[in-house]
Amino acid sequence: FAYSGINSNLVTYLTGPLGQSTATATVNVNAWSGTAALLPLLGAFIVDSFLGRYRTIVVASLIYILHLDKVDINHVSKLLVQISSMYRTQRSSKPRDNLSWVLGFGILCIIMVVALIVFLCGTTTYRYSVKRFLNKALLAPDDSKEHGKVCSIEEVEEAKAVLRLVSIWATCLVYAVVLTQSSTFFTKQGATMDRSITVSVKIPAASLQSFISLTIVLSIPIYDCIFVPLARTWTRKSTGMTMLQRIRTGMFLSSISIILAALVEMKRLKTIQEYGLVDKLEVTVPMSVWWLVPQYVVIGLSKMLTMVGLQEFFYDQVPNELRSIGLALHLSIFGVGSFLSGFLISTIDKATGGNGG
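Its first residue numbered 10, the sequence shown is counted upward by one per residue in my numbering.
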């Protein structure tokens with residue numbers, strides 16, 4: 010919840026209060042999300058080799074809370090003052106940015122603190138694995154054979170199983186690059202358009218990403234209850250589609266989403282030219298933000314198919330001893346894809362003038 014909240018609003022925060030250009034902010038968001046998606050590789054190693062799941066969750070949650078506290082420099086007391094002052098101020102059609110950002114990041118921090126407290130309350134009910142500190146003695150080399158340096162057949166097969174995933178991993182990087190646009194450029198598209206619901210109420214640009222989550226929530230029951238039984242009659246497979254077919258379908262839908270986004274952007278730029286708003290960046294484009302809904306819905310369908318398919322695929326294909334690594338590899342696709350997206354944006358920005366948009 011906290012991660013999604015920051016990821017949805019970070020590009021707006023960077024281009025707003027911090028005054029970064031769209032290109033620079035997008036690169037920074039991609040670097041942040043890419044790092045967050047790659048760290049589970051390190052986390053999986055730490056979980057399996059050193060700390061275990063319980064200690065890793067506690068330490069990671071504490072780091073998470075410290076990070077949320079540093080996103081907004083203000084202390085908790087400042088947050089409480091801002092909350093109390095909100096009720097004393099008169100209603101305004103334009104909310105104060107400082108108040109909204111303090112509340113936004115402060116609430117996420119509080120939610121993480123509460124979540125950690127709830128997790129710690131169940132400490133006495135958790136089961137812990139007993140450390141087997143003498144197991145490494147089994148790896149000691151023998152006088153006749155260097156068993157400690159020679160891998161067993163089982164270990165070789167496990168390594169082969171992981172290496173076979175490399176081609177799928179690399180292929181899905183393109184999908185990850187596409188997916189990063191939904192939290193960056195899609196949001197900036199909406200920020201420039203008419204977001205009015207009523208005369209005095211505007212929908213936040215980042216809130217449009219809720220259409221992705223809503224699409225996933227609504228489409229999963231439809232997929233399981235309607236599509237899978239129908240597909241089962243044709244494919245004779247219990248799941249309707251194989252995991253790779255599900256991944257491919259989602260990747261195809263992601264390309265459709267980008268095409269829709271490009272068409273909407275062409276119309277938005279045409280509207281800007283028609284109304285003479287090329288040099289008026291602060292003026293709202295007279296074009297409804299609801300034009301963006303189709304691309305969000307399609308990207309939601311894409312995530313429902315591809316992301317779930319990838320998670321199942323990497324979890325299923327790795328050996329039991331490497332399940333944590335398998336899930337981390339699934340997330341690393343989106344980490345590397347985010348960095349590739351940032352590199353692509355920086356390259357295009359420099360090649361086309363470098364003003365950042």
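For each residue, glycine too, the CB sits at the ideal point set by N, CA and C.
Bear in mind that the values here come from a model prediction, so they are computed numbers and not experimental data.
Supposed contact pair residue j and residue i - C-beta distance, whole angstroms, cut 8 Å
i, j, result
"T189", "S350", "4 Å"
"G335", "A46", "Not confirmed; about 15 Å, so no contact."
"V327", "A170", "6 Å"
"S70", "L117", "Rounded, the Cβ-Cβ distance is 13 Å, inconsistent with contact."
"G362", "T315", "Contact flag wrong, Cβ pair sits at about 34 Å."
"T35", "T193", "4 Å"
"S347", "A53", "The Cβ separation is near 19 Å, so there is no contact."
"L50", "S341", "6 Å"
"S228", "M313", "5 Å"
"V273", "L290", "So it is not a contact: roughly 19 Å between Cβ atoms."
"V269", "P303", "It should be noted that the sequence gives Leu, not Val, for residue 269. That belief holds up - the Cβ atoms of L269 and P303 are roughly 5 Å apart, short of 8 Å."
"I256", "G318", "4 Å"
Reference residue i, options the options, closest by Cα
i, options, result
"Y73", "A34, Y12, I55, V345", "Y12"
"A185", "F128, R62, S311", "S311"
"A4", "L27, W41, L48", "Look at the range of the chain in this structure, 10 to 366, and you will see that residue 4 is not part of it."
"V5", "P303, T280, W300, D358", "Past the boundaries of the shown model lies residue 5; the chain is included only from 10 to 366, so the question cannot be answered."
"I357", "L23, T33, N18, T24", "T33"
"G131", "Y284, Y63, V175, E166", "Y63"
"N39", "G28, V56, L27, S191", "S191"
"L75", "V187, L174, F114", "F114"
"R136", "T31, G61, L19", "G61"
"I66", "N329, I212, F128", "F128"
"V56", "L331, L239, S355, H339", "L331"
"S17", "W41, G28, Q282, S209", "W41"
"G43", "K359, F352, T31", "F352"
"L112", "L182, V20, I15, K276", "I15"
"A179", "H339, I354, C234", "H339"
"S263", "L182, I162, V165, I206", "L182"
"N329", "I354, A168, T242, R241", "A168"
"I354", "V122, Q282, V187", "V187"
The beta strand (DSSP E) enclosing residue i, as first and last residue numbers
i, result
"M296", "294 to 297"
Residue span of the alpha helix (DSSP H) that contains residue i, given as start and end
i, result
"E321", "302 to 326"
"L182", "182 to 189"
"L50", "31 to 55"
"Q218", "Taken as a continuous stretch (DSSP letters only), Q218 belongs to no alpha helix (DSSP H), as it is neither H nor E."
"G199", "194 to 200"
"T356", "332 to 360"
Any chain D beta carbon closer than 8 Å to residue i
i, result
"S355", "Any reference to chain D falls outside this structure, which holds one protein chain only."
Legend entry - Segment contact, 8 Å Cβ cut-off, at least three pairs: the region 307 to 326 with the region 217 to 227: yes
Inset, instruction - Indicate whether the contact test is met: 3 or more Cβ pairs, each with one atom in the region 248 to 267 and one in the region 317 to 336, closer than 8 Å. - result: Taking a contact to require three or more Cβ pairs closer than 8 Å, the region 248 to 267 and the region 317 to 336 qualify as touching.
Legend entry - Stretch-stretch touch, CB-based, cutoff 8 Å, three pairs: the region 209 to 220 with the region 189 to 201: yes
Inset, instruction - Counting only runs of 3+ residues fully inside the region 231 to 303, write out the beta strand (DSSP E) ranges in chain order. - result: 294 to 297
Legend entry - Cβ contact (3+ pairs, closer than 8 Å) linking the region 280 to 299 and the region 201 to 208: yes
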